[in-house]
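Numbering (numbering that gives the first Met the number 0), first residue to last: 0 to 333.
Positions of the beta carbon are idealized from the N, C-alpha and C atoms, including for glycine.
Small disclaimer: the values here were computed from a predicted structure and weren't measured.
Scroll down for the structure; my scribbles are underneath it.
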Amino acid sequence: MRVLVTGGAGYIGSHTCIRLLEAGHEVTVLDNFQNSRPEVLDRVQTITDATLEVLHADVRAPESFTQFMGEWKPEAVVHFAGLKSVNESVEKPAEYYSTNVQGTVNVARAFVEMGGGAFVFSSTAAVYGAEATMPVTENSPTRPVNPYGWSKLMAEQVLKDIHTAHPQLSVALLRYFNPVGAHPSGLIGEDPAGVPANLMPYMARVADGTYPSLKVFGSDYPTADGSGVRDFLHVDDLAESHIVALKSLAGDPGLVTWNVGRGEGVSVFEMVAAFQRVTGRRIPYSVEPRRPGDVAESYADPTEIERATSWRAGRSVDDMVADLWRWQKRSSAD
Ligand code: UD1
Numbered sequence: 000m001r002v003l004v005t006g007g008a009g010y011i012g013s014h015t016c017i018r019l020l021e022a023g024h025e026v027t028v029l030d031n032f033q034n035s036r037p038e039v040l041d042r043v044q045t046i047t048d049a050t051l052e053v054l055h056a057d058v059r060a061p062e063s064f065t066q067f068m069g070e071w072k073p074e075a076v077v078h079f080a081g082l083k084s085v086n087e088s089v090e091k092p093a094e095y096y097s098t099n100v101q102g103t104v105n106v107a108r109a110f111v112e113m114g115g116g117a118f119v120f121s122s123t124a125a126v127y128g129a130e131a132t133m134p135v136t137e138n139s140p141t142r143p144v145n146p147y148g149w150s151k152l153m154a155e156q157v158l159k160d161i162h163t164a165h166p167q168l169s170v171a172l173l174r175y176f177n178p179v180g181a182h183p184s185g186l187i188g189e190d191p192a193g194v195p196a197n198l199m200p201y202m203a204r205v206a207d208g209t210y211p212s213l214k215v216f217g218s219d220y221p222t223a224d225g226s227g228v229r230d231f232l233h234v235d236d237l238a239e240s241h242i243v244a245l246k247s248l249a250g251d252p253g254l255v256t257w258n259v260g261r262g263e264g265v266s267v268f269e270m271v272a273a274f275q276r277v278t279g280r281r282i283p284y285s286v287e288p289r290r291p292g293d294v295a296e297s298y299a300d301p302t303e304i305e306r307a308t309s310w311r312a313g314r315s316v317d318d319m320v321a322d323l324w325r326w327q328k329r330s331s332a333d
């Protein structure tokens with residue numbers, strides 16, 4: 000298939016491009032490189048020994064890609080392009096709604112106007128909010144607690160309504176839990192600008208000596224060891240889920256909403272232990288107050304995607320750590 004990947008130079012997008020190229024699809028990446036670098040796409044091509052096309056364009060500006068879509072006629076769109084920092088979304092809500100909601104309107108509209116096809120959307124567990132009971136199913140109440148979560152939930156609604164009006168647009172809404180790790184080649188991975196806000200990239204920088212110690216935000220949660228619990232999954236598993244979703248929409252058009260996680264809660268302290276065990280590095284840490292806005296635990300019921308497609312996330316916590324560490328060592332050597 001011809002697949003347009005918006006945000007394909009980003010963390011999850013680039014790993015998904017690898018899977019798409021490996022599966023033999025033709026790929027064009029649409030990216031404005033606001034939070035990513037074009038070199039990533041060179042590495043994707045090195046890893047796969049395949050070529051992809053790049054369209055330097057912006058999802059907020061339909062005139063930057065509509066003509067291309069009309070000419071190239073993608074059969075599928077995987078829509079990653081968006082902003083994803085919870086804190087930033089509180090400070091700059093208009094930018095989040097503009098990029099994440101209006102951007103989705105623009106891409107979906109252009110796709111429908113050229114005939115439609117399969118549309119896979121990068122959504123998030125942040126649509127569920129704080130009060131969900133664990134594990135979270137796709138029918139758990141959606142109650143986002145920040146503009147980031149709202150922008151993704153609103154974009155989901157946009158896609159549902161467009162699908163209802165134009166059933167030729169098939170939609171998979173993939174609600175990601177906590178993607179971590181990197182491609183096993185060590186050539187691509189997560190590359191946050193500045194000080195990482197998320198646990199795993201920060202821990203990797205403690206392991207390589209960039210930062211002296213990890214701050215564990217809260218050890219008094221009502222969890223087994225008191226630290227926060229999350230559903231971490233390997234980014235390559237997450238990438239694979241997009242291929243699975245495309246295949247499913249091709250054979251059975253419609254609209255699906257799927258959690259993508261492992262369904263297993265892993266605590267911050269368990270992650271620290273795994274990191275030390277797998278890398279042989281010591282991770283000094285201090286226990287700090289809870290981070291505002293954090294929930295005690297969040298993990299998926301991932302059985303719906305498995306029931307529908309027989310696919311499940313198979314990579315272990317040790318795989319996540321080993322691959323993240325390989326990438327961290329390589330990128331800090333660059
Ligand atoms: C965050 C976002 C989520 C986004 C996801 C991307 C928030 C509230 N949520 O999820 O919307 O989809 O990243 O992967 O920001 N922790 C520490 N020390 C640190 C960093 C984190 O103890 O230096 C703890 C947190 O308190 C939490 C766990 O590690 O318990 C995971 O945090 P993080 O990696 O930031 O992910 P989430 O907050 O779950």
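- Here DSSP, grouped into helix, strand and coil, assigns residue 263 to coil.
- The DSSP-derived three-state label of residue 247 is helix.
- With a 10 Å radius around the Cβ and a threshold of 16 neighbouring Cβ atoms, residue 247 comes out buried.
- DSSP places residue 175 in the strand class (E or B) of the three-state scheme.
- Between the alpha carbons of residue 239 and residue 291 lies a distance of about 32 Å.
- Counting every other CB atom within 10 Å of its CB across the protein chains shown gives residue 90 a total below 16, marking it as exposed.
- Annotated as proximal: residue 175 and residue 123, with beta-carbon spacing under 8 Å.
- At the C-beta level, residue 11 and residue 186 stay beyond 8 Å of one another.
- Residue nearest to residue 98 within the set 173, 159, 5, 68 is 5 (criterion: CA-CA distance).
- Considered as a whole, the segment 274–332 harbours 284–287 as its complete beta strand (DSSP E) runs of no fewer than 3 residues, in chain order.
- Counting the other Cβ atoms within 10 Å of the Cβ of residue 162 gives 16 or more, which makes it buried.
- Assignment of residue 235 by DSSP, reduced to helix, strand and coil, places it in the helix class.
- Ranked by Cα distance from residue 249, the options 74, 81, 293 are led by 74.
- Judged by DSSP in its simplified three-state form, residue 141 adopts coil rather than helix or strand.
- If you look at residue 13, you'll find it in the alpha helix (DSSP H) that goes 10–21.
- Spatial neighbours of residue 224 in its own chain (CB-CB distance under 6 Å, excluding positions within 5 residues in sequence) are listed in chain order as 266, 268.
- The C-alpha of residue 125 lies about 12 Å from the C-alpha of residue 139.
- A residue is called buried when at least 16 other Cβ atoms come within 10 angstroms of its Cβ; residue 325 meets this threshold and is buried.
- The bridge partners DSSP lists for residue 258 are 174.
- For residue 45, the enclosing alpha helix (DSSP H) has its first and last residue at 38–47.
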